[in-house]
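What follows is a set of notes on a single structure, which appears directly below.
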Amino acid sequence: MQYRTLSTTDEKLSAIGLGCMGMSFAYGPVDDKESIATLNRALDLGVNFWDTADMYANGVNEELISQVLVPNRDKVFIATKFGFRFRDGKASHSGAPGTYVDGSPAWIREAVDKSLQRLKIDTIDLYYAHRIDPNVPVEETVGAMADLVKQGKVRYLGLSEASAASIRKAHAVHPIAALQSEYSVLTRDVEGEILKTVRELGITLVAYSPLSRGLVTSVADPSQLAADDFRKGLPRYSGAHLANNQSIAKGFAEIAAGKNITSAQLALAWVLAQGRDIIPIPGTKKRKYLEENAASADVTLSAGELRAIDELLARFPDTGGRYSEASMNLVNH
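This is the structure in structure tokens:
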């Protein structure tokens, strides 16, 4: 495994992290036995950067991870998040009517203790605000997060899907080590002011959904998805957008085949090629995909291959929105 440095720290994180959400939430049936095996395999492969959140199945994902995290605490850099809450106590996705964002100091103090209890550890390595609460000044949110560092409950602070303005305000209160935002060949929202800002401030970009939620890898038809898979409600999986994206997936597979790698490896190699200050965290709940993803750290793309990807995307620009309107209203605050 290749490693990259977190922000201005000396923390060495695997160049390919592991997103754990799907093990418990959002992507169809779960298999705890296989998920545990996947977490253990991650240790074998040197994948030491694991990502979860308190909203993933309402804490269940943190509890699952704890089974492997606790006996291997010194081998894992664990990141979790707070911010999303459920009005009826039932876990759902970010744009659901019963889901809301709470960035208040009072909730932060409660949320961190609950995450520590579920993870069964004393200190969280990286603690993110899952979204910026539009009703709470970001300075107040980060000020309360900074108190957790002083208390030893958290080591480093992060933001997720924050605007450049919020990043600057937050960083002025306490150093922000990482910005987690969706970034892939199909999702480039951060390119421009946000990416310029994190680079100016020395903040690592943690790229979630670097495989475009399966659109450029294995999912060709929404009918393949489980009934409760939240991707069924995303614009990119319907109508003209879907047809457009299926054309991209086909072309992507051809480029990958020409290099004797998989589409997933090509997608992750593309993200890695955008800068050493970027760490993708592809999600999986199966060992075979973890192994495939981890191997992408050793893939190097030529200028010609990067150009071929850009030319393919230019031919099929109608990719559609990455989230529903309700979910998009929560990003880039």
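Per this note's numbering, the very first residue in the sequence shown carries number 25; after that it's consecutive.
Beta carbons are placed, not taken as given, at the ideal position from N, Cα and C, and that holds for glycine.
According to DSSP, residues forming a beta bridge with residue i
i, result
"Tyr232", "Glu206"
"Lys36", "Thr29"
"Ala77", "Partner(s): none; Ala77 has no beta bridge."
"Ile89", "DSSP output for Ile89 lists no bridge partner at all."
"Thr104", "Tyr151"
"Ile200", "Leu181"
"Gly307", "Gly43"
Proximity below 8 Å, CB of residue i to CB of residue j
i, j, result
"Leu203", "Leu181", "no"
"Leu140", "Ala201", "no"
"Val125", "Phe108", "yes"
"Thr211", "Leu30", "no"
As assigned by DSSP and simplified to three states, the class of residue i
i, result
"Leu183", "strand"
"Ile302", "strand"
"Thr123", "strand"
"Gly282", "helix"
"Ala267", "helix"
"Val178", "strand"
"Gly41", "coil"
"Arg109", "strand"
"Gly167", "helix"
"Gly70", "coil"
"Asp55", "coil"
"Ser320", "helix"
"Pro129", "helix"
"Leu325", "coil"
"Lys114", "coil"
"Asn159", "coil"
Cβ-heavy atom distance, residue i to the ligand ATP, below 7 Å
i, result
"Lys57", "The ligand ATP is absent from the structure shown, which contains no ligand whatsoever."
Environment of residue i [buried if 16+ CB atoms lie within 10 Å]
i, result
"Lys177", "buried"
"Asn96", "exposed"
"Asn284", "exposed"
"Pro158", "exposed"
"Gln248", "exposed"
"Thr324", "exposed"
"Ala231", "buried"
Own chain residues within Cβ distance below 8 Å of residue i, not counting five before or after
i, result
"Glu58", "Lys309, Lys310, Arg311"
"Met169", "Ile132, Tyr151, Ala153, Val178, Leu181, His198"
"Leu336", "Ile272, Gly275, Phe276, Ile279"
Neighbourhood of residue i by C-beta, 7 Å cutoff - its chain only, sequence neighbours within 5 removed
i, result
"Ser38", "Met25, Tyr27, Gly70, Val71, Asn72, Phe73"
"His195", "Leu225"
"Thr62", "Thr308, Lys309, Lys310, Arg311, Leu314"
Same chain, Cβ closer than 6 Å to residue i, neighbours up to 5 away in sequence not counted
i, result
"Ala332", "Ile279"
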